[in-house]
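Notes for the one structure printed next.
2 protein chains.
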Amino acid sequence: MPENKLSPARARLSDVARAAGVSTMTVARALRDPAKVAPDTMQRVQKVLRETGYTPDLIARGLASKRSGLVAVIVPVLTNSLIAEIVQGLTDALADDGLHVVLGVSDFQAREEEEMIRTFLSRRVDAIYLSGAVRSAESRRMLLASGIPIVEGVNLGDDPIDMAVGHSNLAAAYETTRHLIERGYDPIAYIGARLLDNDRARDRRRGYEAALLGAGRTPDPLLCIEAALDLTAGAEAMRILLTRPARVRAVFCYSDVLAAGVHFECQRRGIAIPGEMAIAGYDDLEIAEQIVPTLTSLRVPRYEIGQRAGRMICQRLAGEQVDEKIVNTGFELVVRDST
Amino acid sequence: MPENKLSPARARLSDVARAAGVSTMTVARALRDPAKVAPDTMQRVQKVLRETGYTPDLIARGLASKRSGLVAVIVPVLTNSLIAEIVQGLTDALADDGLHVVLGVSDFQAREEEEMIRTFLSRRVDAIYLSGAVRSAESRRMLLASGIPIVEGVNLGDDPIDMAVGHSNLAAAYETTRHLIERGYDPIAYIGARLLDNDRARDRRRGYEAALLGAGRTPDPLLCIEAALDLTAGAEAMRILLTRPARVRAVFCYSDVLAAGVHFECQRRGIAIPGEMAIAGYDDLEIAEQIVPTLTSLRVPRYEIGQRAGRMICQRLAGEQVDEKIVNTGFELVVRDST
DNA sequence: TTCAAAAATGTATGCGCTAACATGTCCGGA
DNA sequence: TCCGGACATGTTAGCGCATACATTTTTGAA
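Order-wise, the sequence lines are chains A and B. Each residue of the first sequence is one higher than the last, beginning at 1 in the working numbering. Each residue of the second sequence is one higher than the last, beginning at 1001 in the working numbering.
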């Protein structure tokens, strides 16, 4: 690219040092540890720094210091406000310590994730945050061998590779289903995510089934639908449920997005909510509070999860011991009009 | 961190070279340009490569080659499926060329954006994608001086710093408003984003006003509301509009999220859509098609925008000339039941 | 057989920075 | 007056790789 030839040469540490009449180390110190350099020297260096418009070369710094300042964040998808908000929390928390996020979107594929872990380790990231999918054995091995801080979100109960932050999907699904049972709905259907590569999907379904069994009911496999995680899939799942011999009275959905899909399908068919069909969601997205009637949902502190994970990473990188390696962020069932 | 001591020393190029009985250059070539190394040498090197589990150090490579392999992506927020999908398209397209995305979330703050640009340039990113906010003069200067490929999304009409991809927000807003006029709705209100730091907000409002003026109507400032970009804000804006002396018959919203907020507020108040209130949105999110009644919206090829931007970056980095520096991805008004 | 050209490989150097240590300077107490 | 030590700064030696060229080996045509 010819543009590069035209752009002015970037000032290096040594250029600044020469102009200020000091050694490179003094400039480096002025930059990173101002306390260790004499006030008048500091002034001189600062002046040259400003004049030359010096910007430190983080690549060179990384090579020399063995710290890239990069944290890998690997998520299954980005088009999910729950995940997006977690990533935002992470980005913000890490930015406080000058760490940058390199993003990987695995599309729920364990193989993709594995490949990303490999290249990110190649990039010498200082830490990794992973969410979502079940990891391949090779992924676990690489992560373990890397020796860097690893934070996993969001399901509790599995044994984490290093650190983890999240809540118990099992307990949350149990509580939500309990609520539907207590309201007297019967039968209660479940619309979940595909179990494949998704431990949360598995645990939520388990929670749902455990609650039914606890109430002396038998889970009906015909009333459990696996679906993609969008509105259309929710509507489609509802249509399927309506063909079942048993007349479904309530649906517990893996996410509010699915629940909204169900909701709209009911509206289209003139099915009254909750009169003829009760609906409960998960995630407590904004839509749960705004949709008419409002949607019962399970609230998790989304942004905080990301923020917390970010802080754990920062602590470990600062050499501090992290006392809580597994952070339970909890959840809260928010009962609204749809149940 | 004691963990680091325990983790096995990573193999370096020179380690592999010694074990294979060749020079480091031969190994480096075997890695990046297999055609230039003899078949039998290749075999030997490959074997050692596998045995040692060598992973190239991308930091060192970056320092030596002056190519970080990183592309900065700066967006105002992530919790917006339009943006999230663009980022996903970008990530995917860049991954094809082995480029990674470093993420910056500017929260619509020009100052934040400026700071991010500075640190990302420090990180020697190979290219930058920016979307959203109006840039500060200093930001423009830095980007221009950097000499690296810059792609801006999503509003056309402003002069881009380098390359741009998107559509004309002005034309799109004009067309949507025209549609409402043709259906005979009067008066037509507008709920937009805050103009501050947002050229798209400005252009959509202009398009709305231009359409009204074109039809011989006078835009009423009382019927233009600026709002945040969530459901709650949409509902709130609707409430404000209902207090106006003029009885609003239609609302054009900056985004489908706002439109959905308006929609729900109407539902709560028993206002018939479109009988008493027509609603048009923007972005054509999935909800537009699923909500009851369905929502008229403006479709933009979200994922393709990101993908296209990614490819432009790849081309430029490959040294190719990009013929279309400004790509118009177009838009399509999708008329549905809400109007 | 001979030699130029092509192919395969090696050598030297340094990217821009930092870690670890070495040096120099100035102070007050014995 | 001398010296130990706190403070300020400089020196040396890479980090792991790639660039540019030098060198060696192989190839094919005269």
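Note that the Cβ used here is the ideal one computed from N, Cα and C, for glycine as well.
Below 6 Å CB to CB, which residues in the same chain sit around residue 1224 of chain B once its five sequence neighbours on both sides are set aside? Mapped onto the second sequence, residue 1224 of chain B falls at position 224. Result list for residue 1224 of chain B: 1190, in chain order.
Out of A:333, A:320, A:332 and A:313, state which residue places its alpha-carbon closest to the alpha-carbon of residue 153 of chain A. On the first sequence, residue 153 of chain A is found 153 positions in, with the first residue counted as 1. Considering only A:333, A:320, A:332 and A:313, the residue with the shortest C-alpha distance to residue 153 of chain A is A:313.
Mind reading off the beta-carbon distance from residue 329 of chain A to residue 165 of chain A? Whole number of angstroms is fine, and I expect it under 8 Å. Indexing the first sequence from 1 puts residue 329 of chain A at position 329. Indexing the first sequence from 1 puts residue 165 of chain A at position 165. The Cβ separation is near 6 Å, so the contact holds.
Does any CB atom of chain B fall closer than 8 Å to the CB of residue 58 of chain A? Taking the first residue of the first sequence as position 1, residue 58 of chain A is located at position 58. Look at residue 58 of chain A: its C-beta is under 8 Å from a C-beta on chain B.
For the candidate residues B:1132, B:1015, B:1288 and B:1114, whose alpha-carbon lies nearest to that of residue 1140 of chain B? Residue mapping note: residue 1140 of chain B aligns to position 140 of the second sequence, counting from 1. Closest option to residue 1140 of chain B, Cα to Cα, is B:1114.
Per-residue DSSP class, three states only, for residue 283 of chain A: The residue you call residue 283 of chain A lines up with position 283 of the first sequence. It is a strand residue.
Answer yes or no: does any C-beta atom of chain A fall closer than 8 Å to that of residue 1043 of chain B? As a working mapping, residue 1043 of chain B is identified with position 43 in the second sequence. So no, residue 1043 of chain B is outside the interface.
Which residues of chain B have a Cβ atom closer than 7 Å to the Cβ of residue 74 of chain A, listed in chain order? Residue 74 of chain A sits at position 74 when you count from the first residue of the first sequence. Within chain B, no residue comes near residue 74 of chain A; the closest Cβ sits about 11 Å away, beyond 7 Å.
Round the Cβ separation of residue 1261 of chain B and residue 1233 of chain B to the nearest angstrom and send it over; I've been treating them as touching at under 8 Å. Position 261 of the second sequence, counted from the start, is the residue given in the question as residue 1261 of chain B. Position 233 of the second sequence, counted from the start, is the residue given in the question as residue 1233 of chain B. Yes, residue 1261 of chain B and residue 1233 of chain B are in contact; Cβ-Cβ is about 6 Å, under 8 Å.
Report the residues of the region 292-308 of chain A with a CB closer than 8 Å to any CB of chain B, ordered along the chain. Within the region 292-308 of chain A, contact with chain B at the beta-carbon level (separation under 8 Å) is assigned to 292.
Which residue from A:230, A:101 and A:69 puts its Cα closest to that of residue 126 of chain A? Counting from 1 along the first sequence, the entry for residue 126 of chain A is found at position 126. Just measuring C-alpha positions, the residue of A:230, A:101 and A:69 sitting nearest residue 126 of chain A is A:69.
Run the CB neighbour count on residue 1274 of chain B, radius 10 Å, all protein chains shown included, and call it buried at 16 or more, exposed below. As a position in the second sequence, residue 1274 of chain B is number 274, starting the count at 1. By the neighbour-count criterion, in which a residue is buried when 16 or more other Cβ atoms sit within 10 angstroms of its Cβ, residue 1274 of chain B is buried.
Simplified DSSP state of residue 27 of chain A, which is helix, strand or coil: Here residue 27 of chain A is taken as the residue at index 27 of the first sequence, counted from 1. For residue 27 of chain A, the three-state secondary structure derived from DSSP is helix.
To the nearest angstrom, report how far apart residue 1294 of chain B and residue 1269 of chain B are at their CA atoms. To locate residue 1294 of chain B, count along the second sequence from 1; it is residue 294. To locate residue 1269 of chain B, count along the second sequence from 1; it is residue 269. If I take the Cα positions, the gap works out to 18 Å.
Euclidean distance between Cα positions of residue 1147 of chain B and residue 1267 of chain B: For the purposes of this step, residue 1147 of chain B is taken as residue 147 along the second sequence, with counting starting at 1. For the purposes of this step, residue 1267 of chain B is taken as residue 267 along the second sequence, with counting starting at 1. Answer to the nearest angstrom: the Cα atoms are 53 Å apart.
Please confirm if residue 52 of chain A has its CB atom under 8 Å from at least one CB of chain B. For the purposes of this step, residue 52 of chain A is taken as the residue at position 52 of the first sequence. Interface flag for residue 52 of chain A against chain B is unset, since no Cβ pair is found closer than 8 Å.
When the distance is taken between beta carbons, is residue 310 of chain A closer than 8 Å to residue 341 of chain A? Because residue 341 of chain A is not part of the residues shown, which for chain A are 1 to 339, the question remains open.
Below-8 Å beta-carbon distance, residue 1088 of chain B vs any chain A residue: The residue labelled residue 1088 of chain B in the question sits at position 88 within the second sequence. Cβ-Cβ to chain A under 8 Å: yes for residue 1088 of chain B.
Is it a yes or a no for the region 1023-1041 of chain B touching the region 1083-1092 of chain B, going by three-plus beta-carbon pairs under 8 Å? Because the criterion of three Cβ pairs below 8 Å is not met, the region 1023-1041 of chain B and the region 1083-1092 of chain B do not touch.
Beta-carbon within less than 7 Å of residue 1004 of chain B's beta-carbon, same chain only, minus the 5 sequence neighbours each way: which residues are those? Position 4 of the second sequence holds residue 1004 of chain B. Residue confidence for residue 1004 of chain B is low, a pLDDT of 37 falling below 50, so the modelled location carries little weight and cannot support an answer.
Rounded C-alpha distance that separates residue 1205 of chain B from residue 283 of chain A: Walking along the second sequence from the start, residue 1205 of chain B turns up at place 205. Walking along the first sequence from the start, residue 283 of chain A turns up at place 283. Those two C-alpha atoms are separated by around 34 Å.
Could you check the C-alpha separation between residue 257 of chain A and residue 218 of chain A for me, to the nearest Å? Reading the first sequence from its first residue, position 257 is the one you call residue 257 of chain A. Reading the first sequence from its first residue, position 218 is the one you call residue 218 of chain A. If I take the Cα positions, the gap works out to 27 Å.
State the CB to CB distance for the pair residue 322 of chain A and residue 277 of chain A, rounded to an integer number of angstroms; the pair is presumed to be in contact (CB under 8 Å). Looking up residue 322 of chain A in the first sequence gives position 322. Looking up residue 277 of chain A in the first sequence gives position 277. With 8 Å as the limit, residue 322 of chain A and residue 277 of chain A do not qualify as a contact, their Cβ atoms being about 45 Å apart.
Are the C-beta atoms of residue 230 of chain A and some chain B residue less than 8 Å apart? Indexing the first sequence from 1 puts residue 230 of chain A at position 230. Taking Cβ atoms only, chain B reaches closer than 8 Å to residue 230 of chain A, which makes this a yes.
Using beta carbons (cut-off 8 Å, strictly below), is residue 1024 of chain B in contact with chain A? In the second sequence, counting from the first residue as 1, residue 1024 of chain B sits at position 24. For residue 1024 of chain B, the answer is no, since every Cβ of chain A falls outside 8 Å of its Cβ.
Please confirm whether residue 1151 of chain B has its beta-carbon closer than 8 Å to some beta-carbon of chain A. By 1-based counting over the second sequence, the position of residue 1151 of chain B is 151. For residue 1151 of chain B, the answer is no, since every Cβ of chain A falls outside 8 Å of its Cβ.
Under 8 Å between the Cβ atoms of residue 1101 of chain B and residue 1091 of chain B? The residue you call residue 1101 of chain B lines up with position 101 of the second sequence. The residue you call residue 1091 of chain B lines up with position 91 of the second sequence. Contact flag set, yes.
How many Å lie between residue 1097 of chain B and residue 1010 of chain B at the Cα? One-based indexing of the second sequence puts residue 1097 of chain B at position 97. One-based indexing of the second sequence puts residue 1010 of chain B at position 10. Between the alpha carbons of residue 1097 of chain B and residue 1010 of chain B lies a gap of roughly 25 Å.
Kindly indicate if chain B contains any beta-carbon less than 8 Å away from that of residue 287 of chain A. Position 287 of the first sequence holds residue 287 of chain A. Taking 8 Å as the CB threshold, residue 287 of chain A lines the interface with chain B.
Would you say residue 1140 of chain B faces chain A, with C-beta separation under 8 Å as the test? Mapped onto the second sequence, residue 1140 of chain B falls at position 140. Taking 8 Å as the CB threshold, residue 1140 of chain B stays off the interface with chain A.
Length-filtered (4 minimum) alpha helix (DSSP H) runs lying within the region 1177-1225 of chain B: Along the length of the region 1177-1225 of chain B, whole alpha helix (DSSP H) runs at least 4 residues long occupy 1199-1214, reported in chain order.
Rounded Cβ spacing between residue 1286 of chain B and residue 231 of chain A (contact assumed at less than 8 Å): Working through the second sequence from its first residue, we reach residue 1286 of chain B at position 286. Working through the first sequence from its first residue, we reach residue 231 of chain A at position 231. Taking C-beta atoms under 8 Å as the contact rule, residue 1286 of chain B and residue 231 of chain A qualify, at a distance of about 5 Å.
Using DSSP with H/G/I as helix, E/B as strand and the rest coil, what is residue 261 of chain A? Position 261 of the first sequence, counting from 1, holds the residue named residue 261 of chain A. Here residue 261 of chain A carries a helix assignment [DSSP, helix/strand/coil].
Using the Cα positions of residue 60 of chain A and residue 1172 of chain B, report the straight-line distance between them to the nearest angstrom. Sequence index remark: in the first sequence, residue 60 of chain A carries index 60 (1-based). Sequence index remark: in the second sequence, residue 1172 of chain B carries index 172 (1-based). One C-alpha to the other measures close to 46 Å.
Beta-bridge partners of residue 120 of chain A, as assigned by DSSP: Numbered from its first residue, the first sequence carries residue 120 of chain A at position 120. For residue 120 of chain A, which the question treats as bridged, DSSP gives no partner whatsoever.
For the pair the region 236-255 of chain A and the region 178-187 of chain A, tell me if three or more CB-CB distances fall below 8 Å. In short, these stretches touch, since the Cβ pair count reaches three.
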